[in-house]
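A.B. asks:
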Amino acid sequence: MLRAILSDDLPRSRLLAVLLAVILVVLAAAPFLLPGTRALETAARICMFIVLVASYDLLLGYAGIVSFAHTMFFGMGAYGVAIAAAHLGPGWLPIGAGAAAGVALAALTALAIALFSLRVRAIFFAMITLAVASAMAVLVSQLSGITGGEDGLNFRIPRELTPGFRLLEEPVFGTRITGRVIAYYLVFGTCLALFLVMLRVVNSPFGSVLQAIRENAFRAEAIGYRVVVYRAAATCLAAVIAALAGAVFAVWLRYVGPGTTLGMEIMIDILLMVVIGGMGTMYGAVLGATIFVLAQNYLQALMERAAAATAGLPLLPDILNPDRWLLWLGLVFILSVYFFPAGIVGRLRGRA
Amino acid sequence: MSEPILTLRSVATDIGRYHILHDVSFSVPRGEVTMLLGRNGAGKTTTLRTIMGLWRARTGQVLFADEDIAALPTAEISRRGIAYVPEDMGIFSDLTVGENLRLAAISGPMDKARLAWITAAFPPLKTFWDSAAGTLSGGQKQMLSVARAMIEERRLYLIDEPSKGLAPAIVTTLARALKDLKRAGATILLVEQNFALSRALGDGAVVMEDGRTVWSGRMADLAADAALQGRLLGMEGAA
Amino acid sequence: MSRAPEHAPTFTRPPLARRLEPWLPVLLIPALMLAGLVLIPQGSSWLTLTVSGLAMGMMIFTIASGMTLVFGLMDVINFGHGAFISFGAFVGATVLLALPGMAGAADMPANVAAVALAIAAAMAAAGGLGLGFERWIVRPVYGSHLKQILVTMGGLIVAEQLIHVIWGGEQIAVPRPETLKGAVTFAGAALEKYRLLAVAIGLVLFLGMRWLLRATRLGLIVRAGVENPEMVQALGYRIRRVFVLVFVAGSALAGLGGVMWALYQEVITAGMGNQIMVLVFIVVIIGGLGSVEGCFIGALLVGLLQNYVAFLEPKAALVSNIALMVAVLMWRPQGMIPVVKAK
Chain V
1 MLRAILSDDL
11 PRSRLLAVLL
21 AVILVVLAAA
31 PFLLPGTRAL
41 ETAARICMFI
51 VLVASYDLLL
61 GYAGIVSFAH
71 TMFFGMGAYG
81 VAIAAAHLGP
91 GWLPIGAGAA
101 AGVALAALTA
111 LAIALFSLRV
121 RAIFFAMITL
131 AVASAMAVLV
141 SQLSGITGGE
151 DGLNFRIPRE
161 LTPGFRLLEE
171 PVFGTRITGR
181 VIAYYLVFGT
191 CLALFLVMLR
201 VVNSPFGSVL
211 QAIRENAFRA
221 EAIGYRVVVY
231 RAAATCLAAV
241 IAALAGAVFA
251 VWLRYVGPGT
261 TLGMEIMIDI
271 LLMVVIGGMG
281 TMYGAVLGAT
291 IFVLAQNYLQ
301 ALMERAAAAT
311 AGLPLLPDIL
321 NPDRWLLWLG
331 LVFILSVYFF
341 PAGIVGRLRG
351 RA
Chain H
1 MSEPILTLRS
11 VATDIGRYHI
21 LHDVSFSVPR
31 GEVTMLLGRN
41 GAGKTTTLRT
51 IMGLWRARTG
61 QVLFADEDIA
71 ALPTAEISRR
81 GIAYVPEDMG
91 IFSDLTVGEN
101 LRLAAISGPM
111 DKARLAWITA
121 AFPPLKTFWD
131 SAAGTLSGGQ
141 KQMLSVARAM
151 IEERRLYLID
161 EPSKGLAPAI
171 VTTLARALKD
181 LKRAGATILL
191 VEQNFALSRA
201 LGDGAVVMED
211 GRTVWSGRMA
221 DLAADAALQG
231 RLLGMEGAA
Chain U
1 MSRAPEHAPT
11 FTRPPLARRL
21 EPWLPVLLIP
31 ALMLAGLVLI
41 PQGSSWLTLT
51 VSGLAMGMMI
61 FTIASGMTLV
71 FGLMDVINFG
81 HGAFISFGAF
91 VGATVLLALP
101 GMAGAADMPA
111 NVAAVALAIA
121 AAMAAAGGLG
131 LGFERWIVRP
141 VYGSHLKQIL
151 VTMGGLIVAE
161 QLIHVIWGGE
171 QIAVPRPETL
181 KGAVTFAGAA
191 LEKYRLLAVA
201 IGLVLFLGMR
211 WLLRATRLGL
221 IVRAGVENPE
231 MVQALGYRIR
241 RVFVLVFVAG
251 SALAGLGGVM
261 WALYQEVITA
271 GMGNQIMVLV
281 FIVVIIGGLG
291 SVEGCFIGAL
301 LVGLLQNYVA
311 FLEPKAALVS
321 NIALMVAVLM
331 WRPQGMIPVV
341 KAK
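Protein chains in written order, with full-length UniProt numbering: chain V, 1 to 352; chain H, 1 to 239; chain U, 1 to 343.
#1: Residues bridged to H/I15 by DSSP?
#2: Verify the contact flag: U/I63, CB atom, against every heavy atom of the ligand MG, threshold strictly below 7 Å.
#3: Between H/G138 and chain U, is any beta-carbon pair separated by less than 8 Å?
#4: Could you please give me the residues that DSSP links to U/N78 through a beta bridge?
#5: CB-CB under 6 Å to V/V332, same chain, minus the five flanking residues each way: which ones, in chain order?
#6: Is it right to say H/A220 is buried, meaning 16 or more other beta carbons lie within 10 angstroms of its own, or is it exposed?
#7: State yes or no: is the beta carbon of residue 345 of chain U nearer than 8 Å to at least one beta carbon in chain V?
#8: Are the segment 53-62 of chain U and the segment 197-212 of chain U in contact at 8 Å, needing three or more beta carbon pairs?
#9: How long is the line joining the alpha carbons of V/L335 and U/G273, rounded to whole angstroms?
#10: Buried or exposed: which applies to H/W129, given that a residue is buried once 16 or more other Cβ atoms fall within 10 Å of its Cβ?
#11: Counting pairs of Cβ atoms below 8 Å between the segment 293-310 of chain U and the segment 81-97 of chain U, do you hit three or more?
#12: Identify, in the order they occur along the chain, each residue of the same chain with its Cβ nearer than 7 Å to the Cβ of V/M264, setting aside the five sequence neighbours on each side.
#13: Straight-line CA distance for U/W331 to U/F281?
#14: Among all the DSSP beta bridges, which residues are the ones paired with H/P29?
#15: Give the interface partners of U/L235 over in chain H, defined as CB-CB distance under 7 Å, in chain order.
#16: What does H/V207 pair with, by DSSP beta-bridge criteria?
#17: U/M153 CB to nearest chain V CB: under 8 Å?
#18: Work out the CA separation of H/P86 and H/R49 for me, nearest whole Å.
#19: With the cut-off set at 8 Å, would you say H/G43 and H/A12 are in Cβ contact?
#20: Counting along the chain, where does the alpha helix (DSSP H) carrying H/T74 start and finish?
#21: Which class does V/F68 belong to by DSSP, given the choice of helix, strand or coil?
#22: Drop a sphere of 10 angstroms on the beta-carbon of V/V18, count the other beta-carbons inside from all chains shown, and report buried for 16 or more, exposed for fewer.
#23: Anything in chain U within Cβ reach of H/S2, meaning under 9 Å, just list it in chain order.
#24: Can you tell which of U/G258, U/R139, U/M336 has the C-alpha that lies nearest to the C-alpha of U/I63?
#25: Quick one: grab the DSSP three-state call for H/F128.
#26: Given this structure, state the Cα-to-Cα distance separating V/R159 from V/E41, to the nearest angstrom.
#27: Kindly indicate which three-state DSSP category H/T172 falls into: helix, strand or coil?
#28: Considering only residues of the same chain and omitting the five flanking positions on each side of H/D23, which have a CB-CB separation below 6 Å?
#29: What do you get for U/R3, buried or exposed, if any count of 16 or more other CB atoms within 10 angstroms of its CB means buried?
#30: In three-state DSSP terms, what is H/D68?
#31: Can you tell me which of the three DSSP states U/N111 falls into?
#32: Over what stretch of residues does the alpha helix (DSSP H) that includes V/Y56 continue unbroken?
#33: Could you tell me which residues DSSP pairs with U/E192 in its beta bridges?
#34: Considering only residues of the same chain and omitting the five flanking positions on each side of V/I83, which have a CB-CB separation below 8 Å?
#35: Starting from H/Y84, follow its DSSP beta bridges and name the residues at the other end.
#36: Look up U/N274 in the DSSP assignment and give the residues it is bridged to.
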């Protein structure tokens, strides 16, 4: 049963299995286990990033192509929902239609970019996605009439998902089942379903071909696989999933803006999460996203204290400043690519 | 037979996961033309590339003038005095004919007399001196590739199938140039499928099969023995 | 045995279209200028925009040339190239701000000397950073594009953060030296002096680079190495050293581009390099990865288009360059001047 749900792709390491189970249980029971809205926000962020990172891993780890447009696809889903909800009102229909439009736009854009760049050289893909994503980000901030520009869009969602809504009169296990809890389970359920779908995809014949292409594109082509077609399909699939994650996350946040959806910073975060978790493993996305989001929330506070403690010394307070958080991440990232290319999951599996 | 300038001892080379050379051992005597013969896929090109350090020998020794060069970088091997004409000719098509030759003369400006000798042997190189090498015909490219190896004196010339796919008249021109080079006292290790050409140029011969050296001796002996040729090279009778 | 070798050359003239083909990309520049002249209402605005576009193109070329050569020579793709731009800009700006006497006086020679000092410092700093980058970031990941992209991106992040550590988190204003402020009027069009200087620097650089590549042995090695590095080694050249040299020179040029850009925009930020890289990527792709000439043509096209479109419809400027890239790739998938590669 479990084997079937996980598409035969078991953790293959006891410690990894335990970690995954803990993460799953905590996320599944987050509204009951974790007090306070901040914790719930964090849990939702983790869910969303797991899907976003896993869909990126589909490209990077399985198909072996680097994209810098993943946040663009994420943003398309998010903006689809936001624009529809802000301009058409807070019903389920506009949200559904907006999400569908965003997903469709993401799929088409991904297909166009893939056909253009992968036809020539896989390496063009990285550069072209970077250029297109930047152009899109500029466009979004300029077309403020539609997108809200730099300020982004606040919008209202159906009443059933708002904190004011009560599903049950009585609390369950001491927690009130508000619209917010329902919204969280919408995020959690969607993310879990998308993750399992991706797990199925990478363990299907399609996934095997992708990995064969990653190992040796020439040989895969020689055996008779249309490399471009497979890579383009992987690109589209990853874009669609990223857009869906974006749509769900927009509903959760009730806001979209360039900083939260399109920024280069988020793209870099995703890269870090994939590499630290472990490229080409899917479960790496779970660990990478969880560790990263937790670290982002709690480690920065630690850096702040460390910077304050070393205030008298030269240089140290500057590099320990929480604003320099990326400096350390960058170093960790480079070292990971050199020394732990298989990431945490690869390490755990290697030991088992 | 004079003492060898190049000796391979039990060389084995892998390309990726494939074992291409298993056990290659032979010597190239100073001042002679040694033919490296064998069927397609026997490992002749890989042997030359291993000597140049373009593939790395997994085991064995490559002794050049009593020094093991197996682990040296390609550029260092070349600077020990080895010229190389690869199977695909290795022409720089964006550079002109003249620039290709200038680049090959690594110790400085080209020697006038030597250049005159080369352009006399290969007249088209003079005609197309300022043309991009990419615009040359296949035969002209092969001439340029051989000329590049000859532009300065080297202690050993590795030449991989110069006659491959060329018209008879051009093969004749190349053969004449190689004979000139031989007459000047050069040491050459030559891979060649054209048996008539091999017989005309070769002093010694080494035969490879399936990544191993299976026979070595005098070219004259091989040329005289039709049965041996049939066994080693799969030829129908004498050429 | 036949005596005369039958390789007498044939001198049939190929048709005009064939002979023109290699020149088509060059002709795109005047074609684009002409299109601009038709679409932009006043001739004086057109002239201003053209000079501005050429200046921008020259700066992009300065930055992109090293990157395209590094790729051509060793198949190394450096996503961290933007770090050299930012680094050069900050070092150059620091030098200029430290010399208020020389940069602020209305004295042409003093101003030029200040700019030259800033450029020299920026190039040295960016070149030094490039040397470290090559040694510690790029060298361990030869042969794997995937790892190159990831690691150089990581290097970019770290370098940008170091700029924040050294110079603080804020943007810095970089005033132009006194005599480079303002504009000259020509045919009714106001031409900023600094932009004319940028065009001149870029042109000198391009001609110098062309001379270096065409007329020197080092240039021959580089051009040959782009096509077939293996054979260059087999001829006896240590191509690794040449590569390090090109990498460092390319980094230094990016630093130069950074200073030029800083004085063009008169404000710098740590992230400026990565923003410029978007245009640089477009330029190296449409030029043909590894081709300096293609890079030059591509840079001018991008610079001109960016300025023309920004005048006609400001929101479409960056998108128009993406459209240019798409169009060029549809026409020539390997870029305008494709580079021949052995194997």
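Heads up, the beta-carbon is just placed ideally off N, CA and C, and yes, glycines get one too.
Bear in mind the structure is a predicted one, so any value in this text is a computation, not a measurement.
C.D. replies: Walking through what the data contain:
#1: Translated into positions along the second sequence, residue 15 of chain H becomes position 15. H/Y18.
#2: Ligands in the displayed structure: none, and consequently the ligand MG is not present.
#3: Position 138 of the second sequence holds residue 138 of chain H. False, the Cβ-Cβ gap to chain U never drops below 8 Å.
#4: As a first step, residue 78 of chain U must be located in the third sequence, where it is residue number 78. For U/N78, which the question treats as bridged, DSSP gives no partner whatsoever.
#5: Walking along the first sequence from the start, residue 332 of chain V turns up at place 332. Answer for V/V332: no residue qualifies.
#6: Position 220 of the second sequence holds residue 220 of chain H. Under this definition H/A220 is an exposed residue.
#7: Residue 345 of chain U lies beyond the range of chain U shown here (1 to 343); nothing can be said about it.
#8: yes
#9: As a first step, residue 335 of chain V is located in the first sequence; it is residue number 335 there, counting from the start. As a first step, residue 273 of chain U is located in the third sequence; it is residue number 273 there, counting from the start. If you take the alpha carbons of V/L335 and U/G273, they lie about 23 Å apart.
#10: Looking up residue 129 of chain H in the second sequence gives position 129. Per the 10 Å Cβ criterion, exposed.
#11: no
#12: On the first sequence, residue 264 of chain V is found 264 positions in, with the first residue counted as 1. Contacts found: none.
#13: By 1-based counting over the third sequence, the position of residue 331 of chain U is 331. By 1-based counting over the third sequence, the position of residue 281 of chain U is 281. The alpha-carbon atoms of U/W331 and U/F281 are separated by roughly 18 Å.
#14: Here residue 29 of chain H is taken as the residue at index 29 of the second sequence, counted from 1. Looking at the DSSP assignment, H/P29 forms a beta bridge with H/P4.
#15: Indexing the third sequence from 1 puts residue 235 of chain U at position 235. Correct list: S78, L103, A104, I106.
#16: Counting from one through the second sequence, the residue named residue 207 of chain H turns up at place 207. Its beta-bridge partners are H/L37, H/W215.
#17: Residue numbering aside, residue 153 of chain U sits at position 153 when the third sequence is read from its first letter. Yes, U/M153 lies at the interface with chain V (some Cβ there is under 8 Å from its Cβ).
#18: Residue numbering aside, residue 49 of chain H sits at position 49 when the second sequence is read from its first letter. Residue numbering aside, residue 86 of chain H sits at position 86 when the second sequence is read from its first letter. Near 8 Å, if we compare the C-alpha coordinates of H/P86 and H/R49.
#19: The count along the second sequence starts at 1 and reaches residue 43 of chain H at position 43. The count along the second sequence starts at 1 and reaches residue 12 of chain H at position 12. Contact: no.
#20: Taking the second sequence and counting its residues from 1, one reaches residue 74 of chain H at position 74. H/T74: member of the alpha helix (DSSP H) spanning 74-79, first to last residue.
#21: Position 68 of the first sequence, counted from the start, is the residue given in the question as residue 68 of chain V. Of the three classes helix, strand and coil, the one that applies to V/F68 here is coil, per DSSP.
#22: By one-based count along the first sequence, residue 18 of chain V stands at place 18. The residue in question, V/V18, is exposed, as its Cβ has fewer than 16 Cβ neighbours within 10 Å.
#23: Here residue 2 of chain H is taken as the residue at index 2 of the second sequence, counted from 1. Neighbours of H/S2 on chain U: none; closest Cβ ~26 Å, over 9 Å.
#24: Mapped onto the third sequence, residue 63 of chain U falls at position 63. Here the closest residue by C-alpha is U/G258.
#25: Walking along the second sequence from the start, residue 128 of chain H turns up at place 128. Here H/F128 sits in coil by DSSP.
#26: Start at 1 with the first residue of the first sequence, and residue 159 of chain V comes out as number 159. Start at 1 with the first residue of the first sequence, and residue 41 of chain V comes out as number 41. Distance between the alpha carbons of V/R159 and V/E41 is about 19 Å.
#27: Translated into positions along the second sequence, residue 172 of chain H becomes position 172. Here H/T172 sits in helix by DSSP.
#28: Here residue 23 of chain H refers to the residue found at position 23 when the second sequence is read from its first residue. Excluding positions up to five away in sequence, the list reads S10, R212.
#29: In the third sequence, residue 3 of chain U corresponds to position 3, counting from 1. In this prediction, U/R3 has a pLDDT of 49, which is less than 50 and means its spatial position is unreliable; nothing more can be read from the coordinates.
#30: Within the second sequence, the letter at position 68 stands for residue 68 of chain H. DSSP, reduced to helix, strand and coil, places H/D68 within a strand of the structure shown.
#31: Position 111 of the third sequence, counting from 1, holds the residue named residue 111 of chain U. It is helical.
#32: Along the first sequence, read from residue 1 onward, the residue named residue 56 of chain V stands at position 56. Its alpha helix (DSSP H) spans residues 37-57.
#33: The residue given as residue 192 of chain U occupies position 192 in the third sequence. DSSP lists U/A183 as partners of U/E192.
#34: Position 83 of the first sequence, counting from 1, holds the residue named residue 83 of chain V. The residues are G98, I146, T147, L153.
#35: Reading the second sequence from its first residue, position 84 is the one you call residue 84 of chain H. Looking at the DSSP assignment, H/Y84 forms a beta bridge with H/L158.
#36: Within the third sequence, numbered from 1, the residue matching residue 274 of chain U stands at position 274. Answer by DSSP bridge pairing: none, since U/N274 is not bridged.
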